[in-house]
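Peer 1: Sending over a structure as structure tokens; questions will come in a sec.
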Amino acid sequence: MSLPARPGYEGIGPSRLRVHGGPVLAELHSRFGADAAAKVLAGEVVCADGSVVTEVTELPAGAFIYWYRDLPDEVVVPFDMPVLYRDENIVVVDKPHFLATMPRGGHVVQTALVRMRRALGLWELSPAHRLDRLTAGVLVFTARREVRGAYQTMFASGAAAKTYLARSSAGTPAELVEPVELRNRIVKRRGSLQAVVEPGEVNAVTLVEPLGDGLFRLTPSTGRTHQLRVHMNSLGLPIDGDPLYPRVLDVALGDFSTPLQLLAHRLAFTDPVTGEEREFVSSRTIGGRP
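For the sequence shown, the UniProt record's numbering gives the first residue as 1, with consecutive numbering after it.
Listed below in structure tokens is the structure:
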């Protein structure tokens, strides 16, 4: 279910909210305040069947409603995002540092997804996978709803080969003269900024290769949250510019002076729709502009 496009919200879909149950107007007022309740009175909230929520609408617990949340005030991310490749199925971009992949929390318009939807006029554009907001490099979007599942399944299954470059000025440990594969369990709990390594079944695997002068090639075969940052930090090699590892730093949203020196450098896969072999390489360099 979707609402009609709203002026100023081009490329941004409505939010979906699971209700607790009962009168919708009272619930929205209780959870989000008078401005949210006013959207009901203005006819700007709809049910999953497309009917408009009114002041007397009641819904069972677990039902969904759709509405446009007010956009947050965002700091503009002043960096370009070149298109590396485009066809009828996919759009591949070279994402800069500091730009989130898709809307979440306080990042909505200043995301790779919304920017590219607006720039290309492709309103069905959707990320096939994700890069952290602070990570730059190769990012793939699907261009049509019909092919979305095929590409997202490919990335989720680990069928795409990803290579990252990272820089650490901590100094390479003497024992790290050859490539090393890290295999452990990484867990990130809700409410915690940092992910941690815990005992248990292995769910995070990264090959770390020293290239000299503080540069490393990282080849993950899994995709846990913050995996590369956690693994580098565990080697005593925190990635330069990392505001979370080894310790959390307070960095203003508008401070673009110290980008995380982590780059999604190369991405290769067999196209799940056409069967073609694909390879995309970022034009960005570690230590350069975001």
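Even glycine gets a Cβ: it sits at the ideal position worked out from N, Cα and C.
Taking Cβ positions, are Arg189 and Gly200 nearer each other than 8 Å?
Peer 2: To locate residue 189, count along the sequence shown from 1; it is residue 189. To locate residue 200, count along the sequence shown from 1; it is residue 200. No.
Peer 1: Here's the rule I'm using: 16 or more other beta-carbon atoms within 10 Å means buried, otherwise exposed. How should Gly11 be labelled?
Peer 2: Taking the first residue of the sequence shown as 1, we reach residue 11 at position 11. Its Cβ being crowded by 16 or more others within 10 Å, Gly11 is buried.
Peer 1: Among residues of its own chain, excluding the 5 on either side of Glu181, which ones have a beta-carbon nearer than 8 Å to its beta-carbon?
Peer 2: Residue 181 sits at position 181 when you count from the first residue of the sequence shown. Answer for Glu181: Val205, Thr206, Leu207 and Val208, listed in chain order.
Peer 1: Could you compute how far the alpha carbon of Phe79 sits from the alpha carbon of Gly241?
Peer 2: Walking along the sequence shown from the start, residue 79 turns up at place 79. Walking along the sequence shown from the start, residue 241 turns up at place 241. So the two alpha carbons sit approximately 17 Å from each other.
Peer 1: Which residue or residues does DSSP assign as beta-bridge partners of Lys162?
Peer 2: As a first step, residue 162 is located in the sequence shown; it is residue number 162 there, counting from the start. Lys162 pairs with Leu267.
Peer 1: Please tell me whether residue 293 and Asp94 are closer than 8 Å, where the distance is taken between their beta carbons.
Peer 2: Residue 293 lies beyond the stretch modelled for the chain, which goes from 1 to 290, so this question has no answer here.
Peer 1: Among the residues of its own chain, which have a CB less than 6 Å from the CB of Lys39, if the five just before and after it don't count?
Peer 2: Stepping through the sequence shown from its first residue, residue 39 is reached at position 39. Cβ within range, chain order: Val45 and Trp67.
Peer 1: Would you check if the stretch 137-144 and the stretch 262-272 touch, i.e. whether three or more CB-CB distances between them fall below 8 Å?
Peer 2: Counting Cβ pairs under 8 Å, three or more are found: they touch.
Peer 1: Which residues share a DSSP beta bridge with Thr111?
Peer 2: As a position in the sequence shown, residue 111 is number 111, starting the count at 1. According to DSSP, which records beta bridges pairwise, Thr111 is partnered with Ala100.
Peer 1: How many Å lie between Ser221 and Lys162 at the Cα?
Peer 2: In the sequence shown, counting from the first residue as 1, residue 221 sits at position 221. In the sequence shown, counting from the first residue as 1, residue 162 sits at position 162. If I take the Cα positions, the gap works out to 8 Å.
Peer 1: Helix, strand or coil for Phe32, going by three-state DSSP, please let me know.
Peer 2: Looking up residue 32 in the sequence shown gives position 32. Three-state result, Phe32: helix.
Peer 1: Give the DSSP bridge partners of Phe58, in chain order.
Peer 2: The residue you call residue 58 lines up with position 58 of the sequence shown. Reading the sequence as shown, one finds Glu at residue 58 and not Phe. For Glu58, which the question treats as bridged, DSSP gives the partners Pro23.
Peer 1: For Leu176, I'd like the list of residues in its chain whose CB is within less than 7 Å of its CB, leaving aside the five on either flank, ordered along the chain.
Peer 2: Here residue 176 refers to the residue found at position 176 of the sequence shown. Same-chain partners within the cutoff: Pro210 and Leu235.
Peer 1: Quick test of your reading: Ala128 and Glu88, contact by CB under 8 Å. State the CB separation rounded to the nearest angstrom.
Peer 2: Here residue 128 is taken as the residue at index 128 of the sequence shown, counted from 1. Here residue 88 is taken as the residue at index 88 of the sequence shown, counted from 1. In fact, because the Cβ distance is near 14 Å, the residues do not count as touching under 8 Å.
Peer 1: Check the DSSP bridge columns for Pro127 and list the partner residues they point to.
Peer 2: Numbered from 1 along the sequence shown, position 127 holds the residue referred to as residue 127. The partner list for Pro127 (beta bridge, DSSP) reads Phe141.
Peer 1: Let me know the secondary structure DSSP gives Asn184 once reduced to three states.
Peer 2: Position 184 of the sequence shown, counted from the first residue, corresponds to residue 184. Note: Asn184 maps to strand in three-state DSSP.
Peer 1: Using beta-carbon positions only, say whether Val202 and Val230 come within less than 8 Å of one another.
Peer 2: In the sequence shown, counting from the first residue as 1, residue 202 sits at position 202. In the sequence shown, counting from the first residue as 1, residue 230 sits at position 230. No; because the gap between Cβ atoms is not below 8 Å, this pair is not in contact.
Peer 1: If we call anything under 8 Å between Cβ atoms a contact, is Asp70 one with Asp35?
Peer 2: By 1-based counting over the sequence shown, the position of residue 70 is 70. By 1-based counting over the sequence shown, the position of residue 35 is 35. Yes.
Peer 1: Return the first residue and the last residue of the beta strand (DSSP E) that Arg278 is part of.
Peer 2: Against the sequence shown, residue 278 aligns to sequence position 278. Segment Glu277 to Val281, the beta strand (DSSP E) holding Arg278.
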